[in-house]
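Heads up: the sequence shown begins at 1 in UniProt numbering, then just goes up one per residue. Quick reminder that beta carbons are idealized off the backbone N, C-alpha and C, glycines included.
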Amino acid sequence: MAAQVHGFQTEVSKLLRLLAKSLYSNSDVFLRELVSNASDAIDKLRFLSITKPELVKDDPVFSIRVRADREAGMLTITDNGIGMTESEANEHLGTIAKSGTEAFLANLSGDEAKDSQLIGQFGVGFYSAFIVADRVTVISRSANAPENEAVRWESTGEGTYTSELTTRAGRGTDVILHLKPEASKYLEDWELEEIIRTYSDHIATPVSLWKETTPAKTDEKDENVVEPAHYEWVQVNDAKALWTMNPREVKDEDYKAFYKHLTHEYADPLCWAHNRVEGEMEYTSLLYCPATAPWNLYDGREGHGLKLYVQRVFILDKAEAFLPHYLRFIRGLIDTNDLPLNVSRELLQESTVTHKLKKAVTKRALGMLEKLAADNDKYAAFWSEFGKCLKEGVVEDPANREAVMKLLRFASTKDAETEARSATVSLADYVARAPKEQTKIYYLVAGSYEAALSSPYLETFRKKGIEVLLLWERIDEWMMSGMPEFEGKAFVSVTASDLELGELAKDDAEAQKKVEEAAGDSVERLKKALGDKVEGVRVSSRLVESASCVIGQNDQMLTPQMRRMLEAAGRPVPEEKFTLEINPSHPLIQKALAETDEARFADWADVIYEQAVLADQGTVKDPAGFVKRLNALLTK
1 MAAQVHGFQT
11 EVSKLLRLLA
21 KSLYSNSDVF
31 LRELVSNASD
41 AIDKLRFLSI
51 TKPELVKDDP
61 VFSIRVRADR
71 EAGMLTITDN
81 GIGMTESEAN
91 EHLGTIAKSG
101 TEAFLANLSG
111 DEAKDSQLIG
121 QFGVGFYSAF
131 IVADRVTVIS
141 RSANAPENEA
151 VRWESTGEGT
161 YTSELTTRAG
171 RGTDVILHLK
181 PEASKYLEDW
191 ELEEIIRTYS
201 DHIATPVSLW
211 KETTPAKTDE
221 KDENVVEPAH
231 YEWVQVNDAK
241 ALWTMNPREV
251 KDEDYKAFYK
261 HLTHEYADPL
271 CWAHNRVEGE
281 MEYTSLLYCP
291 ATAPWNLYDG
301 REGHGLKLYV
311 QRVFILDKAE
321 AFLPHYLRFI
331 RGLIDTNDLP
341 LNVSRELLQE
351 STVTHKLKKA
361 VTKRALGMLE
371 KLAADNDKYA
381 AFWSEFGKCL
391 KEGVVEDPAN
401 REAVMKLLRF
411 ASTKDAETEA
421 RSATVSLADY
431 VARAPKEQTK
441 IYYLVAGSYE
451 AALSSPYLET
461 FRKKGIEVLL
471 LWERIDEWMM
481 SGMPEFEGKA
491 FVSVTASDLE
501 LGELAKDDAE
511 AQKKVEEAAG
521 DSVERLKKAL
531 GDKVEGVRVS
541 SRLVESASCV
551 IGQNDQMLTP
561 QMRRMLEAAG
571 RPVPEEKFTL
581 EINPSHPLIQ
591 KALAETDEAR
601 FADWADVIYE
611 QAVLADQGTV
621 KDPAGFVKRL
631 NALLTK
C-alpha cells in the first residue's frame, strides 16, 4: 500500500515555517527535546509493564541511543519505549492543538531570544527537529502492536506529511533527522556528547552515543587505511535520577538542566526546593517555580500537577492530587514508597497517604515561595506571572491562609506617591508602617487601577496620610471575602457604610458633628427630592474634594467587577439602593442648594446622585436622561 499524504493542522504549518528559519536562538536544544521525548516514552512503558510484564520481556533493558551517519548526513535518536501505532503517529505528530500552538504563535514578538523561550511553554518540542533537518523520518512500533504494524511517518515540514505501515523488529521509535548542510556539526561525536551531558545528564535512562573509540590506522607511506576506526555504544549521561541524590551534592546547574528536561522549558526556573523525608512517611519531592506562566494556566480543561513516581517507577505525568489548585503552576515530581505501584488517579483522590503527602508538599511549596520573596526583583517577576493564582489560595486553602496572605502583594496609595503602579506592598509592610493608633487595614476595590487611584473614597485617607491598599482585578473582591484579618487587624473597605477611623479621626469628631448639624436642612431637602431612588442622604466624613459619593446597604454594595461577573454568568443582579453622602462645602452642592425652583432643584439632586453612581459603578441606569438633565442645567 502506498504511503498516504496528510496535511498538517494549520497552526503546525505556521510553526514549521518559523522553525525552519531557526526560531531558537540556540539550536542545540532540538536534541534535548528529542531525548526528553524518548525518556517520556520509556517512562510510560515502564509503568505499563508493572501490570503487563510481557510488554518488555523480549527487551527488558531500557535505553536511548544517538547515532550519527556522516556519509548520509543523518542523525538518529532511538528508544525502546512505548512506541506508536499509525493512528497515534498521525495524531501526535500531525496535530498539536492540545499544545496550544495557536496561542504560541500569538505570543511571538519577533525577538529570537524571547521567542525561543516560548517553545517550552507551549509543548511543541518535537517540531524543533526542523530547525536542523530539512526532512524528518519517524519509524515507530507500539509495544502493543505486532512487527508488521509499525508506522513510517515522514515530512519535510512544508505543509504535508506521509504515513504508512512498515515493519520494525522491536518496540520503540527511531527519529531520523536528515540534516541541513549548515547543521553538519551535529554529526560530530564530541558535539553530540557535550549537548547530551549539558541537557540530559540526569535522565534516569542511559543515553548511549555511537562513538569512535579507536581511530583508523593508515599506512605511513601511501596513507591508505589499513585498519578501520572502531565504533561502539558508549553511555554518555550520568543516568542517575537527580531527585534520589543528596541535595548537598547537586549543583545549581544540574537542577536547572533537570528542570528543562522535566518540563521542556527553555528558560531557567525562578527557584526550586529539593527535600527527602524519612519517618512516618517516606518520600522525596523536587519542586520548581517557572519563570513564566504556561499559556493554559487558567484553562480549566488542561491538567496540571506533579510527576508521580512510586519506588522510582514513573506512574503519572500530571498527578493533581498532591498540590491544591491554586499552586497548579508549580512543576516537579514526588517519589514515594508509601503508595502501591498500581495506584490509579481515582485511588489517589481517596488515599489517606495522598492527603498527608499533599499537606506536606503544599507546605514545602509555600516555604519555597517565602524564600523567593526575600529577593524583591525575582519575587516581582513571580508575582506578575502567578499572583492571581495565589489570590485563589486565600479562599481555597483555609489551613494555609496565613502563609498565603504573607505572600500576597498589593498596590497602594503609598506606591502612587512614587508613581509606581506595580503591586509590591506586602501585608507585613503595610502593618509595619501604619501608625500605632491604626487598628484596621484599609482597602479599596475598583474597576481599574486608574479608577481606584482617583476614587473619592480615598480623599480623607490621603488628607490624613493613611495608606490604602488598591485592588482592581476581577478576583480581588472574592479574595477579600476570605481575608477577615491579618495579625489581629481587620480588613475594612473604604466604601463601608459605617466607616470608623477611631483614634485616627478623634480630632475631627467635634467639627464633623457641627457640619452635620449645620447641613441638616440641606440633607432633608435632597432626600425629599430624590425620594425612593436612595436609601438615604447624609453628610460625608470621607469626602474632601469631591461633591458626593454613594454607599451600599450593609456593606453589600456590588462592585462593578462583581456586577459584570454575575451578568456574564446569567445570574440575577439585585436591584440596589444607595445612600448618598454629600460634601456640604463643595461648590456644586452649594450651587444646587441655592436653587429656589424646586423642579430645577430636583434635576440638580438627580445629577449629584447620578454623578456619584457613575464614578463608583461606571454606569447609570438612564445615561440619556442623565446627559439631558446635565445639559439642561449647564445651558440655563
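Residue j beta carbon less than 8 Å from that of residue i
i, j, result
"I334", "V313", "no"
"L262", "V66", "no"
"K211", "E232", "yes"
"A169", "E149", "no"
"E91", "H264", "no"
"V234", "T213", "yes"
"K358", "L323", "yes"
"S384", "G332", "no"
"K489", "K436", "no"
"V550", "T596", "no"
"Y298", "T336", "no"
"K463", "V515", "no"
"I535", "K591", "It should be noted that the sequence gives Glu, not Ile, for residue 535. Against a cut-off of 8 Å, the Cβ pair of K591 and E535 comes out as no contact."
Chain-order list of residues whose beta-carbon lies under 6 Å from that of residue i (same chain, five-residue window excluded)
i, result
"residue 676", "In this structure the chain extends from 1 to 636, so residue 676 is not present and cannot be described."
"A365", "L287, L327 and I330"
"S541", "Q512"
"V138", "W153 and V175"
"E320", "G305"
"A183", "V132"
C-alpha gap between residue i and residue j, whole angstroms
i, j, result
"E71", "E188", "12 Å"
"S546", "L458", "10 Å"
"E164", "S448", "56 Å"
"M84", "T173", "8 Å"
"V431", "L408", "13 Å"
"F122", "E477", "Only weak support is given to the placement of F122: the predicted model assigns it a pLDDT of 48, under 50, and the question is left unresolved by the model."
"L316", "Y309", "7 Å"
"T619", "L634", "21 Å"
"F382", "T292", "8 Å"
"A602", "K371", "60 Å"
"D498", "F258", "56 Å"
"Y127", "E88", "16 Å"
"E485", "S422", "23 Å"
"F8", "H178", "20 Å"
"Y609", "S548", "7 Å"
Contacts around residue i, its chain only, beta-carbon distance under 8 Å, and the 5 residues preceding and following it disregarded
i, result
"I64", "V35, A38, S39, I42, I77, T78, D79, I203, T205, P206, V207 and S208"
"L444", "A452, S455, Y457, L458, V468, L469, L470, L471, S493, V494 and T495"
"A2", "E164"
"residue 656", "With the chain running from 1 to 636 in the structure shown, residue 656 is simply not present."
"K256", "D268 and P269"
"Q349", "A321"
"V395", "W478, M479, S481 and G482"
"I589", "S522, A547, S548, I582, N583 and I608"
"F626", "D606, V607, E610, L614 and V620"
Beta strand (DSSP E) segment containing residue i, residue limits
i, result
"V277", "C271 to V277"
"L543", "Unbroken run through L543: none, as it is neither H nor E."
"M74", "M74 to D79"
"Q311", "Run containing Q311: none; DSSP gives neither H nor E here."
"K406", "Not the beta strand (DSSP E): K406 falls in the alpha helix (DSSP H), residues R401 to L407."
"V136", "A133 to R141"
"V66", "I64 to D69"
"A145", "Element bounds for A145: n/a, residue is neither H nor E."
"V5", "Q4 to G7"
"T162", "T160 to T166"
"V234", "H230 to Q235"
"T284", "Y283 to C289"
"V550", "S548 to I551"
Contacting residues, own chain, Cβ-Cβ under 7 Å from residue i (five flanking each side not counted)
i, result
"K98", "Model confidence at K98 stands at a pLDDT of 42, short of 50, so the residue's coordinates are unreliable; what they give is reported in the following sentence. Answer for K98: no residue qualifies."
"G303", "K318 and E320"
Extent of the continuous alpha helix (DSSP H) run through residue i
i, result
"D41", "Sequence inspection shows Ala at residue 41; the Asp mentioned does not correspond to that position. Looking at the DSSP string, the run of the alpha helix (DSSP H) that includes A41 is V29 to T51."
"G305", "No alpha helix (DSSP H) holds G305; DSSP gives it neither H nor E."
"L526", "G520 to L530"
"A257", "D252 to T263"
"R462", "E459 to K464"
Exercise. What are the complete beta strand (DSSP E) segments, minimum 3 residues, inside the segment 471-504?
Worked result: Contiguous beta strand (DSSP E) elements confined to the segment 471-504 occur at 489-493, taking only those with 3 or more residues.
For this session: Could you name each continuous alpha helix (DSSP H) segment of 4 residues or more that falls completely within the segment 178-224, going from the start of the chain to the end?
Result: Within the segment 178-224, the complete alpha helix (DSSP H) runs of at least 4 residues are 189-200.
Exercise. Taking the runs of the beta strand (DSSP E) that are 3 residues or longer, which of them lie wholly in the segment 573-597?
Worked result: Correct list: 578-582.
Exercise. Hey, which unbroken runs of the alpha helix (DSSP H) at 4 residues or more fall wholly within the segment 593-625?
Worked result: Segments of the alpha helix (DSSP H) lying fully in the segment 593-625: 598-617.
Problem set entry | alpha helix (DSSP H) runs wholly inside the segment 424-449, at least 4 long, in chain order | Within the segment 424-449, the complete alpha helix (DSSP H) runs of at least 4 residues fall at 427-433.
Exercise. Where are the alpha helix (DSSP H) runs, 4 residues long or more, that stay fully inside the segment 330-383, in chain order?
Worked result: Segments of the alpha helix (DSSP H) lying fully in the segment 330-383: 345-350 and 352-372.
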